[in-house]
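My numbering puts the first residue of the sequence shown at 7, with every later residue one more than the last. Single-structure report; data block below.
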Amino acid sequence: MGRPRGFSYEQLGDGSVAITHQGRAAGTLRGARADKFLAEVASGDAQLVMARWTGAYKHGNERAARNHPRNRRR
7 MGRPRGFSYE
17 QLGDGSVAIT
27 HQGRAAGTLR
37 GARADKFLAE
47 VASGDAQLVM
57 ARWTGAYKHG
67 NERAARNHPR
77 NRRR
């Protein structure tokens, strides 16, 4: 599994944070969540933090799930 990339964030004037992935909106955080996010980004790997906060983080089970009988095409 590769490292997350393509994420960026912008702190807006009202204190909220807009997160984008490859130029598309991925999430907006406000209030205490925005503050917690900014603190976490400052102390760790920003790309990994943004991937986790937006839910765009791959867990490695996508390939196995594709082969599950429920997901096979008929």
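Cβ coordinates follow ideal geometry from the N, Cα and C atoms, glycine included. Please read these numbers as outputs of a predicted model, since none were measured by experiment.
Classified as exposed, P75 has fewer than 16 neighbouring CB atoms from the shown chains inside 10 Å of its CB.
Collapsing the DSSP output to three states places S22 in coil.
In this structure, L35 sits near S22, with a CB-CB distance shorter than 8 Å.
Bridge partners of E16 according to DSSP: A24. When secondary structure is reduced to three states using DSSP, G33 falls in the strand class.
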